[in-house]
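> Residue numbers for the sequence shown follow the numbering used here, beginning at 441 and rising by one.
Just passing along the structure, written as structure tokens.
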Amino acid sequence: MSAEVAALDRVPARPQTPAADTPADWGEAERARIRAKIARFAPPPAKGPDGRVELVGLSREELVAALGGIGEPAFRAKQIWHWIYHQGATDFARMSTIAKPLQQKLSEHFTVTRPEVAAVQTSTDSTRKFLFRFRDGREAESVYIPDREEDRGAVCLSSQVGCTLSCRFCHTGTQVLARNLGPGEIVGQFMAARDSYGEWPSPKGEARLLSTIVLMGMGEPLYNYDNVAAAMRIVMDGEGIGLSRRRITLSTSGVVPMMDRAGAELGVNLAVSLHAVTDELRDELVPLNRKYPIKDVIEACRRYPSASNARRITFEYVMLKGVNDSAAEARALVRLIAGIPAKVNLIPFNPWPGSPYETSTPAAIGRFAEIVNAAGFSSPVRTPRGRDILAACGQLRTAAGKPSGG
Ligand code: SAH
Ligand code: SF4
């Protein structure tokens, strides 16, 4: 065993960051700093060129206020909410419980639309990728991954056009961040995917084709927390789409202060892109690690509310040949996450044109999985889906992403 690998067998170095000593105080200041930094990436107002306001993406309170603005009482909001999110209506004329003159008035002031579907591709394995074009011409992708055996599946949503972070193995990371997506653009991806399978009205209960949401598409959802949270609140609302928070998983590269916020406010499942067990390697693979090192990320996982009630946290670990896939690293990983109710999702690296890594061999992945599993953590290997249409994890990237005419 080389000295390097032997070193990995010890508990990985945990650099001390003074900030981590007081997570609560530090968190508030950090969150304010993050918000200020991303403010310039805010989405444009959700309005058409004719000034009509988009209703998809408004919270219930905002919907009441918008309707109040044209002199309509609050109970209308409840009715319209039902039509939009339960029935999936995209036209006021379909809202049959609303009198014709009011339908007309509503359509003069408002719209109920989806992002434009610029392209759809369906993989040989039935995975379906959507390219959405938003009002300003920016584009992002979503992927629907049907379960192979059951009538259900996951919708992988994008939270940003591009990404400010540049993880070395990720295709999206090679695209600079254009802007954050708004709540309507995020929930709209899900609704458009539902349109594509005709799954309206919203099924009651858990039996549904589009049964889970994973925030694992383009972008870092915790660098667009407010809009992602607003979209997920809409999705979870029981009088509309009504997806349980247990059916939603938010994946982050480790934006520690926002992990605390998401845990306190949303309570969705958390997935953390770990990918390395030493700061030295993680600094290189996930550059955000220089700001929030492994120790801080793991502590935030321990604080995450679901971790205390045994809802498991997912650690994502991309398998890169000869880079992070040794047995010693598997052992270091289980020591790092000891005591956290967790599972480890091993993701064989999905290559993209010009990518600097290779996928670990099946033998290396098998050995890694076995060690993690023997330590009591389930360690499923994520079967790549939709690779033929560049729809697998980390392969999403939109060529255009530019404003129309720009
Ligand atoms: N920005 C968030 C969510 C989007 S990425 C995050 O980083 O967690 C979703 C998952 O795909 C992450 O775990 C990410 O590390 C992984 N991923 C990125 N590129 C990949 C690739 N080329 N092959 C396999 N997984 C990849
Ligand atoms: Fe951004 Fe996630 Fe890709 Fe990293 S892995 S560049 S955080 S989308």
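Yeah, the Cβ is synthetic: ideal placement off N, Cα and C, and Gly gets one too.
In this text, all values refer to a predicted model and were calculated from it rather than measured experimentally.
#1: As a quick exercise: from P796, R619, P824, L773, pick the residue whose alpha carbon is nearest that of K813.
#2: Of all the options L710, Q527, F817, E679, which has the alpha carbon lying nearest to the alpha carbon of T692?
#3: Which first and last residues belong to the alpha helix (DSSP H) in which N667 is found?
#4: What residue does the beta strand (DSSP E) around C596 start on, and which one ends it?
#5: By alpha-carbon positions, which one of L503, R568, G762 ends up nearest to G624?
#6: State the Cα-Cα distance for the pair P641 and I524, rounded to the nearest angstrom.
#7: Tell me whether the beta-carbon of I520 lies closer than 8 Å to the beta-carbon of Y663.
#8: Quick check for students: name the residue ranges of the alpha helix (DSSP H) that lie wholly in the stretch 756–840, counting only runs of 4 or more.
#9: Does the beta-carbon of Q629 have 16 or more other beta-carbons within 10 angstroms, so that it is buried, or is it exposed?
#10: Look at the alpha carbon of L605 and the alpha carbon of V763, and state the distance between them as a whole number of angstroms.
#11: Mapping DSSP to helix, strand and coil, what is P643?
#12: Can A661 and L683 be called in contact, C-beta distance under 8 Å?
#13: In terms of DSSP beta bridges, what is F572 paired with?
#14: Cα separation between F574 and R807?
#15: Check whether the Cβ of S606 sits closer than 7 Å to any heavy atom of the ligand SF4, and report yes or no.
#16: Do A832 and P824 come within 8 Å of each other at the CB atom, strictly closer than that value?
#17: State the start and end residues of the unbroken beta strand (DSSP E) segment that holds S636.
#18: What number of angstroms, rounded off, separates the C-alpha of I738 from the C-alpha of R608?
#19: Is the beta carbon of R771 closer than 8 Å to that of I734?
#20: For V451 and R775, I'd like the C-alpha separation in whole angstroms.
Judging by the given coordinates:
#1: Note on identity: in this sequence residue 813 is Asn, with Lys being the wrong assignment. Among P796, R619, P824, L773, the Cα nearest to that of N813 belongs to L773.
#2: L710
#3: 665–676
#4: 593–596
#5: L503
#6: 10 Å
#7: no
#8: 767–776, 802–814
#9: buried
#10: 20 Å
#11: Coil.
#12: Here the sequence assigns Pro to residue 661, which means Ala is not the residue at that position. Their beta carbons are not under 8 Å apart, which means P661 does not touch L683 by this criterion.
#13: V557, A580
#14: 44 Å
#15: yes
#16: yes
#17: Unbroken run through S636 is the alpha helix (DSSP H), 623–637; no beta strand (DSSP E).
#18: 21 Å
#19: no
#20: Annotation note: pLDDT 33 at V451 (below 50); position unreliable, coordinate value reported separately. Roughly 7 Å separates the two Cα atoms.
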